[in-house]
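Numbering-wise, the sequence shown is residues 58 to 219 according to the numbering used here. In this text, a Cβ means the ideal position worked out from N, Cα and C, and glycines have one as well. Bear in mind the structure is a predicted one, so any value in this text is a computation, not a measurement.
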Amino acid sequence: MTTQSARVSQHITAATAQACKTAAWDCQSHVFMGSPETVIENLAGLPDELVGRRVYMLLIQGDSHAEARIFERFNLEDTEGTVSSWAEDDMHGLVSQITEVLVANRGVHCPGEQVKATLESKREIHVGAPAPAPKSTAEAFTPLVQDFKHDKFVRATVMVLC
58 MTTQSARVSQ HITAATAQAC KTAAWDCQSH VFMGSPETVI ENLAGLPDEL VGRRVYMLLI
118 QGDSHAEARI FERFNLEDTE GTVSSWAEDD MHGLVSQITE VLVANRGVHC PGEQVKATLE
178 SKREIHVGAP APAPKSTAEA FTPLVQDFKH DKFVRATVMV LC
């Protein structure tokens, strides 16, 4: 169901394969709630090493709608990546669904690929054209949260996958 226009079949490097194997045992979730301004500050306070991972995502739930982004580089050495996105009225239960996928995976397969496959099987996800990969958490997450600047209260969840 994913728009495959920007995905290109490439070869995964040995370093990336090893990093994904290690990351399967080091998935993370960070949740921030409050005004959009406060959430932006908290997201920018996350370590910038987070955006050095191969796949991570941001889910934002506002007063009346929700959006998600999956940031992905094919190899860790890539300076470009893609951002997949979709919107829903409510992301209720999505974090639990992703958590269940990660727990069921038990560190066996690449967590980013497992989560993406689950999400893509049930949603129409748009994959953007390759663009320079974010160099900081502020660069990665601030633009999406700013789209919610008129909401009084937002919940932002960062999932660090591989």
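Asked, Found
"Taking only runs that begin and end inside the segment 117-185, name each unbroken alpha helix (DSSP H) of 4 or more residues, in chain order.", "151-162 and 168-177"
"Pull up the CB-CB distance for residue 86 and residue 175, whole angstroms please, since I reckon it's below 8 Å.", "At roughly 15 Å, the Cβ-Cβ gap does not stay under 8 Å, so residue 86 and residue 175 are not in contact."
"Spatial neighbours of residue 119 within its chain, please: CB distance less than 7 Å, with the 5 preceding and 5 following residues excluded, ordered by chain position.", "205, 208 and 211"
"Between which residues of its own chain and residue 198 is the CB-CB distance below 6 Å, once the five residues before and five after are set aside?", "100 and 115"
"In terms of residues, what are the limits of the alpha helix (DSSP H) holding residue 89?", "No alpha helix (DSSP H) holds residue 89; the beta strand (DSSP E) holding it covers 85-91."
"On the CB-based measure, 16 or more other CB atoms within 10 Å of its CB, does residue 141 come out buried or exposed?", "buried"
"Assign residue 190 to one of three DSSP states: helix, strand, or coil.", "coil"
"Where do the N-terminal and C-terminal ends of the alpha helix (DSSP H) with residue 213 fall, by residue?", "No alpha helix (DSSP H) contains residue 213, which is instead part of the beta strand (DSSP E) from 211-217."
"Going by the DSSP bridge assignment, what does residue 115 pair with across the sheet?", "126 and 215"
"Taking the continuous alpha helix (DSSP H) assigned at residue 78, which residues delimit it?", "71-80"
"Where does residue 207 sit, in a helix, a strand or coil, going by DSSP?", "coil"
"With a Cβ-Cβ cutoff of 8 Å, do residue 200 and residue 108 count as a contact?", "no"
"Can you tell me whether residue 200 is helix, strand or coil according to DSSP?", "helix"
"Near residue 110, what residues of its chain come up, given a Cβ to Cβ distance below 6 Å and the 5 sequence neighbours on each side ignored?", "217"
"Since residue 182 and residue 143 are thought to touch, with beta carbons under 8 Å apart, how far apart are those beta carbons, to the nearest angstrom?", "5 Å"
"Which class does residue 60 belong to by DSSP, given the choice of helix, strand or coil?", "Residue placement at residue 60 is flagged as unreliable, the pLDDT there being 39, under the threshold of 50; the coordinate-derived value follows with that caveat. Coil."
"Should residue 73 and residue 133 be called a contact, given that it needs their Cβ atoms to be closer than 8 Å?", "yes"
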